[in-house]
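A quick write-up on the structure given underneath.
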Amino acid sequence: MASGQMPEALPDPGIFRDIAACAEDLRYDSLWCGDHLSFGNPILEGSIALSAFASYTTSITIGTGVLLLPLRPPGLVAKQMASLDYLTGGRVVCGVGVGGESAKDFELVGIPRSERGVRTDEGIEVMRALWTDPEASFNGRFTRFDDVGINPMPVRLGGPPIWVGGRADAALRRAGRLGDGWMGYMVSPDRFETSIARVRTHARDAQRDADGVAAALMIPTRLADDGDEARRDLAGHLTQRYHREFTHELISKLCLAGSPAEVAARVSEYERSGVRHLIFLYGGDPAQAIDQFKRLHDAVVSPRNIESV
1 MASGQMPEAL
11 PDPGIFRDIA
21 ACAEDLRYDS
31 LWCGDHLSFG
41 NPILEGSIAL
51 SAFASYTTSI
61 TIGTGVLLLP
71 LRPPGLVAKQ
81 MASLDYLTGG
91 RVVCGVGVGG
101 ESAKDFELVG
111 IPRSERGVRT
121 DEGIEVMRAL
131 WTDPEASFNG
141 RFTRFDDVGI
151 NPMPVRLGGP
161 PIWVGGRADA
171 ALRRAGRLGD
181 GWMGYMVSPD
191 RFETSIARVR
201 THARDAQRDA
211 DGVAAALMIP
221 TRLADDGDEA
231 RRDLAGHLTQ
241 RYHREFTHEL
251 ISKLCLAGSP
261 AEVAARVSEY
271 ERSGVRHLIF
281 LYGGDPAQAI
291 DQFKRLHDAV
301 VSPRNIESV
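Shown next, in the form of structure tokens:
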């Protein structure tokens, strides 16, 4: 994760360029950004961060992990992502989620939080319509248009893959019925295995290709020679980030923190649970992110050839 919440301090903006270049140089599979409008901690807006990464890189996949779709008109998101897909030659993954952790996100744009699920479902359908038909029409609860195009169209037929984030039952159902992938967040290996099975069941029920649904996990990560130090540092970061205490038990259960050997062993557990795209959400000062990504590459990514960021 190259851009996310920054509770410690705002870094020099050049760090985002350096992280993107480092990820591409190390041949990571993909590069991701988070998204909020108002969450208490500094964070770049998702589509802006992604456009910066597009200009900083030439080959690595870039994605939103996740863009809070109900906060925006889906036609606008469709246009943004189609433009990015065109500019990058088809390197974009559109990760979407409903949000809801911050009431201020929704207050800022005048969208009721109670509508976030139905708006996200409809928004996915709107984007697919605009990415598929150069003269699209849509008649939904929140969005209506006739014979509308968003040229340039995405490079890939049907547009960028849509990966749905979230842990709730509704998110799993949405991922299976509407998404091209599911992005879990802070779940144990056992829960990941159970959840991705449910996603694929929903896909089969919708007569979709269940095996083709991407299985991704975004996980807070911290590496240190002293495993206990890594866990303490990550707990401190997440406590500051989410304004709630993260205990040693929670860190051990839901995160990726420890010595290189401990982290590598934990990654193996997630591999066995079905994770195929592991997104490292570095928990700490962005100025230290490049060192962390280099160490993670040497300890975890390179020996396994995992698709990771």
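The sequence shown lines up with residues 1 to 309 when you count with my numbering.
Cβ atoms here follow ideal geometry from the backbone N, Cα and C, with glycine treated the same way.
Between the Cα of residue i and those of the options, spot the shortest distance and give me the residue it belongs to.
i: L108; options: V267, G40 and G159; result: G40
i: G159; options: R167, G179, F145 and E245; result: G179
i: L217; options: G236, Q240, A257 and V267; result: V267
i: H243; options: S102, C22 and A23; result: S102
i: A203; options: V66, L278, F53 and V164; result: V164
i: P42; options: S59, L250, L10 and A54; result: L10
i: M1; options: F53, D12, G14 and A235; result: F53
i: A235; options: G283, T143, A265 and Q207; result: G283
i: I124; options: I111, A265 and F138; result: F138
i: R231; options: V213, A214, A215 and K253; result: K253
Starting from residue i and walking both ways along the beta strand (DSSP E), at which residues does that stretch end?
i: A185; result: A small fix is needed here, since residue 185 is Tyr in this sequence, not Ala. Start and end: G181 to Y185.
i: H297; result: Looking at the DSSP string, H297 is not in any beta strand (DSSP E), and its letter there is neither H nor E.
i: A257; result: L256 to G258
i: R144; result: R144 to V148
i: A136; result: A136 to N139
i: Y28; result: Segment: none, Y28 is in no beta strand (DSSP E) and carries neither H nor E.
i: I48; result: Premise fails: I48 lies in the alpha helix (DSSP H), G46 to Y56, not in any beta strand (DSSP E).
i: T247; result: No beta strand (DSSP E) holds T247; DSSP gives it neither H nor E.
Please go through the same chain and pick out, in chain order, the residues whose beta-carbon is closer than 8 Å to the beta-carbon of residue i, but skip the five residues on each side of it.
i: D211; result: R200
i: D105; result: H36, L37, S38, F39, L68, L71 and G99
i: P356; result: Lying before the first or after the last residue shown, residue 356 is absent from the chain, which here runs from 1 to 309.
i: S195; result: R167, L172, W182, G184 and V187
i: F293; result: I19, C22, A23, L26, Y28, F280 and Y282
i: S59; result: E24 and R91
By how many angstroms is the C-alpha of residue j removed from the C-alpha of residue i?
i: G100; j: P7; result: 19 Å
i: K79; j: V126; result: 11 Å
i: L44; j: R116; result: 21 Å
i: A287; j: L223; result: 15 Å
i: F16; j: S3; result: 7 Å
i: D190; j: P73; result: 36 Å
i: R128; j: G149; result: 12 Å
i: C22; j: I290; result: 7 Å
i: G176; j: A168; result: 13 Å
i: A257; j: E245; result: 16 Å
i: R144; j: I251; result: 45 Å
i: D285; j: L238; result: 12 Å
Would residue i pass as an interface residue toward chain C - the criterion being a Cβ-Cβ separation below 8 Å?
i: A52; result: Absence of chain C from the displayed structure is noted, only one protein chain being present.
Quick one: give me the first and last residue of the alpha helix (DSSP H) that residue i is part of.
i: H202; result: P189 to D205
i: D85; result: P74 to T88
i: G65; result: Segment: none, G65 is in no alpha helix (DSSP H) and carries neither H nor E.
i: Y242; result: G227 to Y242
i: I124; result: R116 to T132
i: I111; result: That residue, I111, is in no alpha helix (DSSP H); it is neither H nor E in DSSP.
i: L172; result: D169 to L178
Under 7 Å Cβ to Cβ from residue i, same chain only, skipping five residues before and after it: list those, please.
i: V155; result: D85, Y86, G89 and G90
i: Y270; result: P189, F192, L217 and L278
i: A82; result: W131, I150, P152, M153, P154 and G159
i: L281; result: M1, G4, M218, I219, P220 and T221
i: A206; result: G176 and R177
i: F142; result: R119 and E122
Leaving out five residues before and five after residue i in sequence, what residues of the same chain have Cβ atoms less than 6 Å from its Cβ?
i: S273; result: P189, F192 and E193
i: T57; result: A20 and E24
i: G46; result: C33, D35, T64 and L67
i: V118; result: none
i: Q5; result: N41, I43 and R241
i: A49; result: S3 and C33
i: A136; result: A129, L130 and V148
i: L26; result: H297
Notebook entry, point to check: Are the segment 248 to 262 and the segment 223 to 231 touching by the rule of at least three beta carbon pairs closer than 8 Å?
Noted result: yes
Checklist line | the segment 64 to 77 touching the segment 92 to 99, judged by at least three CB pairs closer than 8 Å | finding: yes
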